[in-house]
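Numbering (the UniProt record's numbering), first residue to last: 1 to 237. One structure below.
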Amino acid sequence: MKIGVISDIHGNYEALKSVLKELDRLGVSKIYSLGDVVGYYSQVNECCEELIDRDIPNLMGNHDWYLSSGGFCLRSKSVNDCLKYQRKVITTKNIEWLRKSEIQRFVGNIHMVHGGWSDPIDEYIWEPSEKYFSKIFGKIFISGHRHIQVLKQFGDKTYCNPVSVGQPRDNNPKAAFAVVENDNILLKRVDYDIDKVNKLMIKAGFDDSNYKALKKEERYYAGFKKKDYPIKCVNRK
């Protein structure tokens, strides 16, 4: 079975459309979302509705939790500013759908979470290690949240972060996702219309500090240190 794995769409519908078009072309049998459908960009309803219409299961991301629970982010004013806007525009149907997002998912021998296995919603896997994954039962582990592309193998265990559909932070502005087939993981990137996303954000009343991360030459790091980027990836053979 060939499946697609997407993560961290963050209200970027233009990026999502390009990724889904490529997944359709690749002939995947099922697509799974690792969470954070909402957050940062303006088209949260379009993103939720696309996943609902395609029956794409979603895991609970930290931004999904903020928006659906009435919570807020302790570490970012810009995130909370975006949440204020999204709470005004998101439909009740989409809020209810977000609330039904699961915390973790097993697909065959694949174990998926949004963050990490100590905190599925909000843990950052900064340095994937054999010691970390030796404590967890399973073979293939996939998570999002960090927006950095990682594919590493530890003996018979593999860890993957497919990056982000809507806001990559690894100095590559293309929308990112993964395809898994017979335990083999392929990391993929596609172009999309970044300028259209920018125009929609301006129309929604945001300044460039909220969307400049979409441009490679204007990469920002969401409060993390630049020395953490990019992470060296070790591809699984």
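The C-beta atom is built at its ideal place from N, Cα and C for all residues, glycine as well.
Open item on the list: Taking only three categories from DSSP, how would you classify E123?
Closed with: If you number the sequence shown from 1, residue 123 lands on position 123. E123 falls in the coil class under three-state DSSP.
Open item on the list: So for S118, helix, strand or coil by DSSP?
Closed with: On the sequence shown, position 118 is the one that residue 118 refers to. Three-state DSSP puts S118 in coil, outside helix and strand.
- [ ] Let me know the secondary structure DSSP gives Q104 once reduced to three states.
- [x] As a first step, residue 104 must be located in the sequence shown, where it is residue number 104. Residue state, collapsed to three classes: strand.
TODO: Tell me whether the beta-carbon of S42 lies closer than 8 Å to the beta-carbon of G11.
DONE: Your numbering for residue 42 matches position 42 in the sequence shown. Your numbering for residue 11 matches position 11 in the sequence shown. Their beta carbons are under 8 Å apart, which means S42 touches G11 by this criterion.
Task: Whole-angstrom C-beta distance between V190 and L26, which should lie under 8 Å - done: Along the sequence shown, one-based indexing puts residue 26 at 26. Along the sequence shown, one-based indexing puts residue 190 at 190. Actually they do not touch by this definition, with Cβ atoms about 11 Å apart.
- [ ] Please state if the CB of V163 and the CB of I148 are separated by a distance shorter than 8 Å.
- [x] Residue numbering aside, residue 148 sits at position 148 when the sequence shown is read from its first letter. Residue numbering aside, residue 163 sits at position 163 when the sequence shown is read from its first letter. By the CB criterion at 8 Å, I148 and V163 fall inside the cutoff.
Task: Collapsed DSSP secondary structure at I52 in the structure displayed - done: As a first step, residue 52 must be located in the sequence shown, where it is residue number 52. Here I52 sits in helix by DSSP.
- [ ] Using a threshold of 8 Å, state whether the C-beta atoms of S33 and S69 are closer than that.
- [x] For the purposes of this step, residue 33 is taken as residue 33 along the sequence shown, with counting starting at 1. For the purposes of this step, residue 69 is taken as residue 69 along the sequence shown, with counting starting at 1. Contact: no.
Open item on the list: Does the stretch 108–125 come into contact with the stretch 46–53, if we say contact requires no fewer than three beta-carbon pairs (one atom in each stretch) closer than 8 Å?
Closed with: Judged by Cβ distances under 8 Å, the stretch 108–125 makes no contact with the stretch 46–53, as fewer than three pairs qualify.
Open item on the list: Counting C-beta neighbours from all protein chains within 10 Å, is the total for W126 16 or more, i.e. buried, or is it exposed?
Closed with: To locate residue 126, count along the sequence shown from 1; it is residue 126. Sixteen is the threshold: since fewer than 16 other Cβ atoms of the shown chains lie within 10 Å of the Cβ of W126, the residue is exposed.
Open item on the list: Within 10 Å of its beta-carbon, does D55 have 16 or more other beta-carbons around it, so buried, or fewer, so exposed?
Closed with: Residue 55 sits at position 55 when you count from the first residue of the sequence shown. The residue is exposed, with fewer than 16 neighbouring Cβ atoms inside 10 Å.
Task: Burial state of S134, where buried means 16 or more other Cβ atoms lie within 10 Å - done: What you label residue 134 is simply residue 134 of the sequence shown in a count that begins at 1. When all chains shown are included, S134 counts as exposed.
Open item on the list: Among S101, Y159 and N198, whose alpha-carbon lies nearest the alpha-carbon of L214?
Closed with: Within the sequence shown, numbered from 1, the residue matching residue 214 stands at position 214. Taking only the C-alpha atoms, the option nearest L214 is N198.
- [ ] Kindly list the residues whose CB is nearer than 7 Å to the CB of Y66, restricted to its own chain and excluding five residues on each side of it in sequence; keep chain order.
- [x] The residue you call residue 66 lines up with position 66 of the sequence shown. F72, C73 and L83.
Task: When Y85, I31 and D170 are compared against L200, the one with the closest alpha-carbon - done: Sequence index remark: in the sequence shown, residue 200 carries index 200 (1-based). Measuring from the Cα of L200, the nearest candidate turns out to be Y85.
Task: E102 to K188 span [Cα, whole Å] - done: Numbered from its first residue, the sequence shown carries residue 102 at position 102. Numbered from its first residue, the sequence shown carries residue 188 at position 188. Between the C-alpha atoms of E102 and K188 there is a straight-line separation of about 25 Å.
- [ ] Return helix, strand or coil for Q86, following the three-state DSSP convention.
- [x] For this step, residue 86 is matched to residue 86 along the sequence shown. Collapsing the DSSP output to three states places Q86 in a helix.
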